[in-house]
DNA sequence: GCAAAAGTGTTGTGTCTACACCCATGT
DNA sequence: ACATGGGTGTAGACACAACACTTTTGC
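Protein chains in written order, with this note's numbering: chain A, 48 to 284; chain B, 48 to 284.
As structure tokens, then:
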């Protein structure tokens with residue numbers, strides 16, 4: 048298997064990751080400054096060549112491990128594979144992009160050539176990485192609406208206001224804490240922990256703490272329309 | 048560019064397509080019977096090796112052109128890239144899978160080693176192709192609910208009953224013609240052509256003919272929830 | 001008491017399913 | 001006339017956004 052029996056020319060293959068986190072109330076992406084040509088000095092997505100015996104997911108986890116502690120990745124999913132033959136000026140190279148998420152309460156140690164950048168205000172990126180970041184953001188936004196993916200942005204415990212700020216940063220628009228709470232509780236995505244956050248120095252009622260019921264991705268708004276026929280589902284007996 | 052400057056070992060790369068069509072009122076997939084080892088004689092997805100200077104999409108279109116007339120593909124989108132190092136017994140091989148759709152009124156000429164199979168009753172497939180077919184079906188089902196993707200399953204003109212049968216076959220459950228019509232008209236996905244289908248031999252009111260307003264994929268049910276704030280959108284003035 | 005922050009009650013709206021009913025055609 | 005299939009009217013269920021109001025804290 049390590050000796051391909053094909054006589055077809057094969058492209059180089061790299062894995063890339065759009066790693067997103069809400070930092071300072073803003074959605075940010077982890078970028079890495081290229082040390083070498085092509086695009087020397089430009090910011091780019093972390094990643095690297097696929098090694099033998101690695102799956103694509105293994106590969107991107109391995110490359111990311113050099114930047115951030117992989118245990119800190121709360122979610123990782125494949126985005127798409129890019130194949131424009133001119134996407135790299137030097138070689139025939141395919142790239143499989145992943146979306147990775149990091150909870151907001153974590154501040155990983157980073158090497159000197161690596162830093163967070165606001166997705167709303169990115170510098171020019173190497174290759175086609177700019178459009179990949181935007182694709183990752185769109186995927187995140189869509190899944191926040193119809194899945195429980197919020198778990199990947201949030202700490203283990205949080206108040207509704209804190210969660211609201213995370214959603215607002217990721218979605219790019221204001222979110223009402225009132226309605227967010229009701230939607231996520233109705234869908235049984237959140238559950239109360241029973242504990243409370245202490246009031247801040249300026250006073251105010253202490254907020255109750257919640258947690259996500261599960262850290263596995265689940266679709267919570269299946270069948271937005273064209274449901275299968277049948278009597279209405281019982282309202283959670 | 049045709050001379051990779053990398054010294055990394057590179058995997059073989061193939062493109063595959065799950066081509067789906069509603070035939071005889073049932074969702075079916077286009078399969079091809081392997082002439083050679085490995086998996087000689089087994090049914091498998093059409094596709095083949097990626098050639099230099101091809102994008103992945105070019106590649107799968109080219110391979111499909113040997114089976115069906117590509118102009119008959121009403122939709123083509125990337126599904127995922129598979130990379131398990133053991134997925135092919137002979138070589139290190141990645142596969143990028145696509146979903147292709149063919150309108151129900153077309154009956155392409157097929158070579159002798161190629162045929163349609165009901166997705167609900169597939170034979171054992173080569174490699175990991177069985178799970179890819181199911182992933183394609185799930186993608187189709189999801190997008191039928193929140194996009195106008197129905198255009199890719201339907202002929203240019205159709206009655207609501209005919210469209211209902213297509214949706215039912217693809218979704219795998221009964222669909223109400225009444226509600227289907229109202230949902231798709233409200234969303235302005237369908238428009239009446241003004242023409243009618245003649246009655247069948249057994250009588251019955253002739254059905255009005257409709258068409259999809261566009262054959263570009265559009266999201267018609269954006270923001271199922273967590274809409275951006277603001278006054279309610281005007282009800283289509 | 002007053003400001004600040006959290007949380008609940010309530011109303012209105014839009015979208016969907018279900019089902020009854022009416023319409024147009026062939027025999 | 002009556003069977004067959006197409007289409008409309010309408011009622012009820014539900015989920016959501018918006019906003020007023022109440023509760024709990026610090027000062």
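All C-beta atoms in this analysis are idealised placements derived from N, C-alpha and C, irrespective of residue type, glycine included. Since we're looking at a predicted model, the values are computed, not measured.
Could you tell me the distance, in whole angstroms, from the CA atom of residue i to the CA atom of residue j?
i: residue 284 of chain A; j: residue 207 of chain A; result: Here residue 284 of chain A scores only 36 on pLDDT, less than 50, and its place in the model should not be relied on; the value that follows carries that caveat. Their backbone Cα atoms lie some 25 Å apart in a straight line.
i: residue 143 of chain A; j: residue 155 of chain B; result: 33 Å
i: residue 147 of chain B; j: residue 261 of chain B; result: 18 Å
i: residue 173 of chain B; j: residue 255 of chain B; result: 44 Å
i: residue 199 of chain A; j: residue 122 of chain A; result: 6 Å
i: residue 141 of chain B; j: residue 230 of chain A; result: 41 Å
i: residue 239 of chain A; j: residue 214 of chain B; result: 40 Å
i: residue 99 of chain A; j: residue 149 of chain B; result: 37 Å
i: residue 201 of chain A; j: residue 182 of chain A; result: 21 Å
i: residue 264 of chain A; j: residue 192 of chain A; result: 12 Å
i: residue 145 of chain A; j: residue 97 of chain A; result: 13 Å
i: residue 157 of chain A; j: residue 68 of chain A; result: 14 Å
i: residue 62 of chain A; j: residue 131 of chain B; result: 14 Å
i: residue 138 of chain A; j: residue 60 of chain B; result: 16 Å
i: residue 169 of chain A; j: residue 85 of chain A; result: 19 Å
i: residue 119 of chain A; j: residue 104 of chain A; result: 15 Å
i: residue 160 of chain A; j: residue 55 of chain B; result: 24 Å
i: residue 171 of chain B; j: residue 89 of chain B; result: 7 Å
i: residue 49 of chain B; j: residue 83 of chain A; result: In this predicted model, residue 49 of chain B has a pLDDT of only 39, less than 50, meaning its place in the structure is not dependable enough to derive any value.
i: residue 176 of chain A; j: residue 186 of chain A; result: 15 Å
i: residue 80 of chain B; j: residue 57 of chain A; result: 25 Å
i: residue 250 of chain B; j: residue 77 of chain B; result: 36 Å
i: residue 257 of chain A; j: residue 244 of chain A; result: 10 Å
Closest Cβ-Cβ distance between residue i and chain A: below 9 Å?
i: residue 55 of chain B; result: yes
i: residue 131 of chain B; result: yes
i: residue 48 of chain B; result: Note that residue 48 of chain B scores 40 on pLDDT, short of 50, meaning its location in the model is unreliable; the coordinates nonetheless yield the value given after this. With 9 Å as the cut-off, residue 48 of chain B counts as an interface residue toward chain A.
i: residue 58 of chain B; result: yes
Can you check which of these residues, the options, is closest to residue i by C-alpha distance?
i: residue 162 of chain A; options: A:63, A:64, A:75; result: A:75
i: residue 216 of chain B; options: B:229, B:245, B:166, B:173; result: B:166
i: residue 125 of chain B; options: A:124, A:123, A:128; result: A:128
i: residue 227 of chain B; options: B:195, B:77, B:88; result: B:195
i: residue 223 of chain B; options: B:232, B:233, B:212; result: B:212
i: residue 242 of chain A; options: A:266, A:204, A:88, A:132; result: A:204
i: residue 221 of chain A; options: A:56, A:65, A:73; result: A:73
i: residue 135 of chain A; options: B:106, B:102, B:139, B:132; result: B:102
i: residue 189 of chain A; options: A:131, A:97, A:219; result: A:219
i: residue 232 of chain B; options: B:210, B:131, B:185, B:139; result: B:210
i: residue 66 of chain A; options: A:248, A:237, A:184; result: A:184
i: residue 71 of chain B; options: B:249, B:152, B:78; result: B:152
i: residue 259 of chain A; options: A:179, A:244, A:234; result: A:234
i: residue 34 of chain A; options: A:87, A:77, A:245, A:236; result: It is not possible to answer for residue 34 of chain A, since the shown part of chain A is limited to 48 through 284.
Please confirm whether residue i has its beta-carbon closer than 9 Å to some beta-carbon of chain B.
i: residue 118 of chain A; result: no
i: residue 82 of chain A; result: no
i: residue 171 of chain A; result: no
i: residue 225 of chain A; result: no
i: residue 128 of chain A; result: yes
i: residue 112 of chain A; result: no
i: residue 125 of chain A; result: yes
i: residue 265 of chain A; result: no
Just checking residue i against the ligand ATP - is the residue's beta carbon closer than 8 Å to any of the ligand's heavy atoms?
i: residue 125 of chain B; result: Because no ligand of any kind appears in the structure shown, any question about the ligand ATP cannot be addressed here.
Please list, in chain order, the residues of the segment 139-159 of chain A that have any C-beta partner in chain B closer than 9 Å.
139, 140, 141, 143
Going along the segment 185-200 of chain A in order, which residues come within less than 8 Å of chain B, judged by CB to CB distance?
191, 192, 193
What residues in the segment 87-110 of chain B have a beta carbon less than 9 Å from any beta carbon of chain A?
96, 97, 98, 99, 100, 101, 102, 103, 104, 105, 106
Is there contact here, the segment 107-118 of chain A with the segment 83-97 of chain A, by at least three beta-carbon pairs under 8 Å?
yes
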